[in-house]
Each structure stands twice: as structure tokens, then as C-alpha cells.
Amino acid sequence: MAPLKRILLAEDNERDIELTLAALDEHNLANEVVTVRDGAEALDYLYGRGKFTGHANGLPVVVLLDLKMPKVDGLEVLRQMRDDPTLKHVPVVMVTSSREEQDLIHSYQLGVNAYVVKPVDFQKFVESVKQLGVFWAVINEPPPGTLKRS
Amino acid sequence: MHMKASVEKQVALGFGASVATLLVICVFFCWIAENSITAQGWVTHTYEVIAALEQGRAILADAETAERGYLLTGDERFAQDTRKAQSQANDWLATAQRLTADNTEQRKRLDELQPLIARRLALLDNRIQLRREQGLSAAAAAVGTREGAGLSQQISQYISEMQATESQLLKTRQQKEQADARMAEVLVAGGGLLACALGLISFLMVCRDLRLRKSAEERLRQNEERIRLMVENINDYAIILLDTKGNVVNWSAGGDHINGYTEGEMLGRHFSKLYPEAAVRSGFCDEELKIAAERGRCENESWHVRKDGSRFWANAVITAIRGNDGQLRGFVNVTRDLTERNRLTGLLEHERHLMNQLMDSATEDIYFKDKESRFLRISRFHAGRLGFESPAQAVGKSDAEIFSAEHAQQARRDEEEVMRTGRPITKEERETWPDGHVTWALTVKLPLCGPSGDIIGTFGLSRDISERKASEEEIKKLNEDLQRHTAQLEMANKELEAFSYSVSHDLRAPLRHIDGFVKLLEKNATALDERSRRYLAIIADSAQRMGALIDDLLIFSRMGRAEMRQTKVESDSLVHEILESLQSETQGRNIEWKITPLPQIKADPAMLRQVWTNLIANAVKYSRPRDPARIEIGCNEQNGDWVFYVRDNGVGFDMSYAHKLFGVFQRLHRAEEFEGTGIGLANVQRIVLRHGGRVWAEGKLADGAAFFFALPKSAH
Numbered sequence: 001m002a003p004l005k006r007i008l009l010a011e012d013n014e015r016d017i018e019l020t021l022a023a024l025d026e027h028n029l030a031n032e033v034v035t036v037r038d039g040a041e042a043l044d045y046l047y048g049r050g051k052f053t054g055h056a057n058g059l060p061v062v063v064l065l066d067l068k069m070p071k072v073d074g075l076e077v078l079r080q081m082r083d084d085p086t087l088k089h090v091p092v093v094m095v096t097s098s099r100e101e102q103d104l105i106h107s108y109q110l111g112v113n114a115y116v117v118k119p120v121d122f123q124k125f126v127e128s129v130k131q132l133g134v135f136w137a138v139i140n141e142p143p144p145g146t147l148k149r150s
Numbered sequence: 151m152h153m154k155a156s157v158e159k160q161v162a163l164g165f166g167a168s169v170a171t172l173l174v175i176c177v178f179f180c181w182i183a184e185n186s187i188t189a190q191g192w193v194t195h196t197y198e199v200i201a202a203l204e205q206g207r208a209i210l211a212d213a214e215t216a217e218r219g220y221l222l223t224g225d226e227r228f229a230q231d232t233r234k235a236q237s238q239a240n241d242w243l244a245t246a247q248r249l250t251a252d253n254t255e256q257r258k259r260l261d262e263l264q265p266l267i268a269r270r271l272a273l274l275d276n277r278i279q280l281r282r283e284q285g286l287s288a289a290a291a292a293v294g295t296r297e298g299a300g301l302s303q304q305i306s307q308y309i310s311e312m313q314a315t316e317s318q319l320l321k322t323r324q325q326k327e328q329a330d331a332r333m334a335e336v337l338v339a340g341g342g343l344l345a346c347a348l349g350l351i352s353f354l355m356v357c358r359d360l361r362l363r364k365s366a367e368e369r370l371r372q373n374e375e376r377i378r379l380m381v382e383n384i385n386d387y388a389i390i391l392l393d394t395k396g397n398v399v400n401w402s403a404g405g406d407h408i409n410g411y412t413e414g415e416m417l418g419r420h421f422s423k424l425y426p427e428a429a430v431r432s433g434f435c436d437e438e439l440k441i442a443a444e445r446g447r448c449e450n451e452s453w454h455v456r457k458d459g460s461r462f463w464a465n466a467v468i469t470a471i472r473g474n475d476g477q478l479r480g481f482v483n484v485t486r487d488l489t490e491r492n493r494l495t496g497l498l499e500h501e502r503h504l505m506n507q508l509m510d511s512a513t514e515d516i517y518f519k520d521k522e523s524r525f526l527r528i529s530r531f532h533a534g535r536l537g538f539e540s541p542a543q544a545v546g547k548s549d550a551e552i553f554s555a556e557h558a559q560q561a562r563r564d565e566e567e568v569m570r571t572g573r574p575i576t577k578e579e580r581e582t583w584p585d586g587h588v589t590w591a592l593t594v595k596l597p598l599c600g601p602s603g604d605i606i607g608t609f610g611l612s613r614d615i616s617e618r619k620a621s622e623e624e625i626k627k628l629n630e631d632l633q634r635h636t637a638q639l640e641m642a643n644k645e646l647e648a649f650s651y652s653v654s655h656d657l658r659a660p661l662r663h664i665d666g667f668v669k670l671l672e673k674n675a676t677a678l679d680e681r682s683r684r685y686l687a688i689i690a691d692s693a694q695r696m697g698a699l700i701d702d703l704l705i706f707s708r709m710g711r712a713e714m715r716q717t718k719v720e721s722d723s724l725v726h727e728i729l730e731s732l733q734s735e736t737q738g739r740n741i742e743w744k745i746t747p748l749p750q751i752k753a754d755p756a757m758l759r760q761v762w763t764n765l766i767a768n769a770v771k772y773s774r775p776r777d778p779a780r781i782e783i784g785c786n787e788q789n790g791d792w793v794f795y796v797r798d799n800g801v802g803f804d805m806s807y808a809h810k811l812f813g814v815f816q817r818l819h820r821a822e823e824f825e826g827t828g829i830g831l832a833n834v835q836r837i838v839l840r841h842g843g844r845v846w847a848e849g850k851l852a853d854g855a856a857f858f859f860a861l862p863k864s865a866h
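Those sequence lines, one after another, are chains A and B.
Here our numbering is used: the first residue of the first sequence is 1, the next is one more, and so on.
Here our numbering is used: the first residue of the second sequence is 151, the next is one more, and so on.
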């Protein structure tokens, strides 16, 4: 049985996934990441349903959400998580290309923990992702019931 | 007077009737009394007859008694008694005849009785004779025949009958007398009452008449008093009573007022004293009196003289007073000072002149209408517009005869409202003419009040505003077009927003991938020559540059859409903060700053920061070749605007390209010379325009540039 992953990355663009994983790999965090390709999958994973039925998923230490995804977008995932008492306290970071103020405001209204704009510059991107991963997966003390570092 | 006469007549009639009634009662009473006396006479008479009859019976009884006495005794004294009774009986018969003369029935009985009595008396004589001559037995034999007793019985019966008749008569007469007395009582009482009532009525009528007379007199007195007071209080008229020769006999207070003389000064004086001497000499006054005497009245307007010698124009009416007999008793002279009237007439004339000028010359529609909305008067201009040759033609006409029914009805409703409420109406009227064409008039309708203040119609002013209305229509149409355009623009803006959103999200991703994978390639590729590495660097740089362009464009787009939050902004501290933030660019540079104090203004702080940042950063950037660089920041006030400026001594620009400065992605320098995306000034312009201000620039190639932005002092 594969080890439990502590970071949930919801991203529809496979290239962004590759870049994100490359960036996290620099800090040896890539193995801790489980990727889903849209909001629906993200919710399925969190609730252990659909194709994740039967998987013993613990709560991740952080969920990295892309804003714009097929089926269910990042804001909707965030909203459902915040409405659910068990998922309410799971940290969520919005990782997106959008600098739109409305998106930013909306995300914070729904209770996002951080909002990160993916820079075009790869160096800066690596830096941001690395810091994100380190902060949430290593430094931050997650809420009780969350998976601990093995 | 008629009533009084009739009252007098009624009173006289009442009293007359009363007296007549009394007279009738008197006469009647006399008659009753007379009757009663007569009736009593008859009763007495009846008693007499009854007594007489009784006496007759007694006389016969006496005679028979005396006969029997003689027959028995032969005593001559009895014979004497008998003779005495005989003569008494004869006397009695005569008396009875006299007493029963009035009654034929009794008389008849008496006549029948008389022979019986005569026979009885004769029989008496015979027996006495027989006694005397033949003695007692002969006489007794004669008596034994019972002839005498039968006769006596017959006589007695006659007398009884007669007595019964008389008793009956007595009863009847007594009854009649009682009835008469009762009738007299009733009549006297009724008549007395009637007379009393008539007298009382007459008395009341007299009282009433007296009262009426008294109140009429009181009224008359009051009336006279009133008239006297009225005359005394008429100040505008001198009312003067003249005798037949023209001397003043009565002088009113108005005379004091108008002529200046007092009553004492004028009584007995000739009224010509009130006229100018010349007029008096020419016989004017005498002529007046003469005409008044002949025709009853003489009216004249002429000069009069006051006590102080001043003249005044006055109207005088002299009226002759004649008695009932037609004899001239004198004159009444009523004088009125016309000075005030003439002044008023002048004023009125003046007012009319003004009014006429207004109505004839004003280039306005002016009209007066009566209660039925018919024209009383309209201005010449209005008449022309309504198609009349002269204002007079319009008089009596109404809107219904000029405009379409719809407009006429509306106008009538408006005017009724004005008359009902008494308040003016101002409105733009759409006038539809019979041929269908439409004009517009700006109309004020007001209530027209009569001298006593009640509303007698309306008047109005209106002006043809068809042209203005047409241009308003035009403007309205343009406005509608504008609104349509704005709506289209808004839609375009929304589309643009959606577009820029997808640009922001989707366009940056491939760039990120290009850069990312180039970097990964650089890292992973082991055998890359220098040229390949340079190519990869260029690819990465291009991707980053495009990323910067997209970001700037997004900022620009957001500047146009973001909501403005205007608050007070301290320009001074804002500028200094920006200078701090630009330290990385200014470090190592020799820049001479000249910053004058800047005002506090009202603006969106974040946007204003963007403006200043762009302008100052530009000044820093384009003055890079200068040593020392001079940058001047300041503000002055112009026509209600704050005009801010940033001036530098940098590379400047060619004024012929000045129009391109504020365009998006418009650059006057190559990127190698001065970095930048060409969006900064476009942002500045957009923000300043959104604040209701304007931007402009002055510059000269290689000789510095100055950028200005003006913001209205009274921020909206």
C-alpha cells in the first residue's frame, strides 16, 4: 500500500503539475503530493468516494487549488470544504494564474488560507511553490486529525 | 297713507256700529218697556174685569138677599135695598160694558147677560109688588115658581164663564209679559255685549293705530336724522340749499370741505360768491338759476372759487324745488370738485396708454379670457399668430374656433382649474392646429380678478417655443443614441473584461510553461553549447517580457474598471512615499530634487499613487543620462483646478509625437534605450480622466520634458 500523501494538488494543466512537482522535488516534497485533475476529483478524494472509494485517505496538511478547473472550479471546492465541519479546518492555498481582484476577494471571503499567483518566471515559480510546500507541509502545525509526517 | 285711512274708517265703523247697537237696544228697550206697560195694563184690566164680574155677582146676591128679606118681612128697608141693588146692577152693567168693550166674546156674553139681569130685576120688582099688594103667600107662590132661581142660576153661570175667560186671558197675558221680559233681558244683555265688543275692538284699533303712527313718526325722524347726517358727512359734494333768489339757506359740511367757507360765512349770501367774478359778471349764475327754474335742472362744469381765492374745476347740478302747488320754493345746488376725478382720468388714460403699447407692440402672446374662455382681449402679436387680422376680431372667440378640439379642451380644462384654484399654471402646451401641424408654447395662465377680487376669467402669457422644443427633441434623440451607445460600450467593456480575464489566466500559463521548461531544460541538458544556451535565454526572456506586457495590460484594464474610492489625499506625503519606494532606481544617481509644497486633494489614493509613481519613475528613468539630473515636482492653481507637474531635464521628446505619449503600448524610445511596456502614461491618463481631470505634456527632444495633470478642486 502506497504511503499516505499529505499534499493534495488540484490542477487541470498537466504541465503546471509537472512544473509544480519539479519545484517541490527541489525540497523532496514531490512524493508527498497527490494530484487530481479537477474540482470534482478533489472532493472525491477528500470524501473518499468515486474512484477514491476504499482508499484510506487521511486529511491532507494542505490543499493546493487551481482556481480555474473543469467541472467544479477551485472556489466551489473551497466553498464546500468550508461548509463541511470535518474539512473546515484543512488549510487551502489558491494557486492560480489570475491576478483578478474579484477572484482574490472572493477566495478570502470563502476563507482561503493563502492566495498565490503563479509567476511567469520559472525561478520565481519554483521559489513560491517551494516556500508553499515547506511552510504548509513542514513548518505549519496542522489541525488535529491531519496526517503526520512519517 | 291708504292704510291709515282704512284704519280710521275701520275705527269709525267700529264706533258707529257700537253706538248704533246701543241705539237699537235703547229703542228696543223702550218698545219692550212700552209693551210691558201695556201688558201690565191689560193684566190690571183683566183683574178689574174679574173683580167687576165678582162685584156683579155680589150685587145680584145683595139684590136677591134684599128681595128675600122684603118678601119675608115686608120691611120697606129691604125694598129700598132692592132698589139700591137694582140701580147698582145697572151701574155695574154699564161698567161691565165699558170694561169688556175690547173683548167681543165677553161683550157678546154680556149682551146675552144683560136681558137676563133685566128680567131678574124685573122679576124682583114684580115680587116686591106682589108682596106689597097681595101679601106674603102670593109672593111665596111666585117664588115657588122658581123662575127667579133659574134666572139667577143662569146669570151666575154667565158670570162664571166670563170669569173663566178672563182668568184664561189673565194667564195668557201674564205669560206673554214674562216672555217679553225674558226677551228684553236677552236682547239687552246680547246687545250690551255686542256694543262692548265693538267698542273694545275700536279701542284696540285706535291704540294700534296710535302705536303705528308713533313708530312711523320715529322712523321718519330717524330717516331725517340719517339724511341729515349723510348730507353732513358727504365731503366730496357741497350740497347747498338756495332760496328762489339764489341766497344760501342751508350749507352742508361738504361745502366747508370743497369751497372753504363755513356755514356761518355763507348763510344768507348769494351763491355767486362761489364762482369767479368774470363768470358772475357775465350773468352765468343767474342764467343757471333761470334754466333750473325753467327746466327743473341745470348741470354745468365750470371753474369755481374757494374762500382762499384758488380755483377748481367742478361739476354743479342745480335743481329747482317746487311745492305741491307748483310754486318755486328754491334750489338745491350740488357741487362736486372734479380735480381728483380729472387726475384719476389722466392716470387712467396713462395706464391705458401703457396697456395699449404692451398689447400692440409686445412680441408675446398675451390674452385675457372671460369665464367661458372666450377672448376678451389679445395682443396684436398673438392675434397675428392665431390668424386674425386685428386683435378685435378675436374678441368673443374661443380656442375651439382656432385650434383642434383636443387642444381646445385641454386649454379649457387648464383655465377652469386656474379659475377654481385661483393659482397660476405654467406649462409647455402642445398646440394642434386644424391643419394638423403642431406648435409648442410656454404658457403661464393666471386667474383674472374683477375689481371686487372675485375671479372673472383668466389671462395668460405664452411664447412660441417650437424651435426650442425641436432642438430639445433633437437632444433627446441624441441622448437616446448616446444611451444606446453607452449600453453597447458597456457590453463591449464586459466582453473586454471577460477577455482580459481569460488573458490573465490562460495566456500566462503557456508563457510560464515556456519559461519553466526552458529552465528545466537548461538544468537537465548536459551538452548544450553556448549558442544554444543563449537561444534558450532569449526564449525565456521573451516569455517573461510577454508576461510583463500581459500584467501591465491587465493593470491598465483594471484601472478603467475598478471602483473609485475618493478620500482626502495628502499629496505631499504621497510623493515622498513614492520617492522612498524608488530608491533602488535613484541609488547612485545624482538627482537634484525640487519639490514645492503640494495641496491636500480628494481622490482615490491607490490610483493617485499609480499616477505619481508613473510620472516620477518616468522622470527618473528618462533623466538617467543627465548628471546632475534635475527633477521638479510642484503644483499651482488654475481656473479652479489643481495643476500638478513633474518636470525633468532628461532626454525629452519631439512635440510632434506628443499625441502618442498617452496611448497604450505607445513608446517614443526603443526598449534597449529605456525599458518599459508603454502602458504607464496610458494608465496616468486613464486615472486622471476618471477623476474628471486632464493630462498633457510639454517637451523638446533632448531637452527635458514636463508632464502635467489637472484635477478639479471641487472633487465630484
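Note that beta-carbon positions come from the ideal geometry of N, C-alpha and C, so glycine has one too.
Bear in mind that the values here come from a model prediction, so they are computed numbers and not experimental data.
By the neighbour-count definition (other C-beta atoms within 10 Å, threshold 16), residue 416(B) is a buried residue. The alpha carbon of residue 221(B) has as its nearest neighbour, out of 497(B), 493(B) and 290(B), the alpha carbon of 290(B). It is roughly 13 angstroms from the alpha-carbon of residue 288(B) to the alpha-carbon of residue 296(B).
Excluding five sequence positions before and after residue 310(B), none of the CB atoms of its chain fall closer than 7 angstroms to its own CB. Looking at the DSSP output, residue 88(A) bridges to nothing. Scanning 97(A), 132(A) and 59(A) for the CA closest to the CA of residue 651(B) turns up 97(A). Where residue 621(B) is concerned, the enclosing alpha helix (DSSP H) starts and stops at 616 to 652. When the alpha-carbon of residue 436(B) is set against those of 161(B), 668(B), 347(B) and 468(B), the nearest one is in 468(B). Boundaries of the alpha helix (DSSP H) around residue 510(B): 489 to 511. In its chain, beyond the 5 residues on either side, 12 have a beta carbon closer than 6 angstroms to the beta carbon of residue 37(A). Between residue 598(B) and residue 607(B), the C-beta gap is smaller than 8 angstroms, which places the two residues in contact.
One finds 119, 120 and 121 in chain A with Cβ atoms closer than 8 angstroms to the Cβ of residue 697(B), taken in chain order.
By the beta-carbon neighbour count (other beta carbons within 10 angstroms, threshold 16), residue 503(B) is exposed. For residue 750(B), the enclosing beta strand (DSSP E) stretches over residues 750 to 753. The DSSP-derived three-state label of residue 387(B) is strand.
Every beta strand (DSSP E) of 3 residues or more that sits fully in the stretch 534 to 609 of chain B is shown, in chain order, as 575 to 582 and 588 to 599. When C-alpha distances from residue 92(A) are compared across 136(A), 100(A) and 72(A), the shortest belongs to 136(A). In the displayed model, residue 96(A) falls within a strand according to three-state DSSP. Here residue 707(B) is near residue 646(B), since their CB atoms are less than 8 angstroms apart. Of the residues 129(A), 138(A), 134(A) and 45(A), the one whose Cα lies closest to the Cα of residue 21(A) is 129(A).
Close partners of residue 12(A) in chain B (Cβ separation under 8 angstroms) are lacking, with about 10 angstroms as the shortest Cβ gap. Under the DSSP definition of a beta bridge, residue 465(B) partners with 451(B) and 486(B).
Within a 10 Å sphere around the beta-carbon of residue 230(B) sit fewer than 16 other beta-carbons, which makes this residue exposed. Within the model, the alpha-carbon separation for residue 8(A) versus residue 62(A) is close to 7 angstroms. Between the beta-carbon of residue 744(B) and that of residue 787(B) there is about 19 angstroms, and that puts the pair past the 8 angstroms contact cut. Pairing residue 724(B) with residue 35(A), the inter-Cα distance amounts to about 46 angstroms. For residue 16(A), the nearest beta carbon of chain B is closer than 8 angstroms to its own beta carbon. Chain A places a beta carbon closer than 8 angstroms to that of residue 659(B), counting this residue as a contact. By the beta-carbon neighbour count (other beta carbons within 10 angstroms, threshold 16), residue 532(B) is buried. According to the DSSP assignment, residue 853(B) belongs to no alpha helix (DSSP H), since it is labelled neither H nor E.
In this structure, DSSP gives residue 45(A) a helical state, which the three-state scheme calls helix. With a 10 Å radius around the Cβ and a threshold of 16 neighbouring Cβ atoms, residue 197(B) comes out exposed.
For residue 8(A), the enclosing beta strand (DSSP E) starts and ends at 7 to 10. Between residue 345(B) and residue 172(B), the C-beta spacing is below 8 angstroms. The residues 760, 761, 764, 765, 812, 845, 857 and 859, in chain order, have a CB closer than 8 angstroms to that of residue 834(B) in the same chain once the five nearest residues on each side in sequence are set aside. Remark: three or more beta-carbon pairs, one from each stretch, lie closer than 8 angstroms, so the stretch 470 to 486 of chain B and the stretch 386 to 401 of chain B are flagged as touching.
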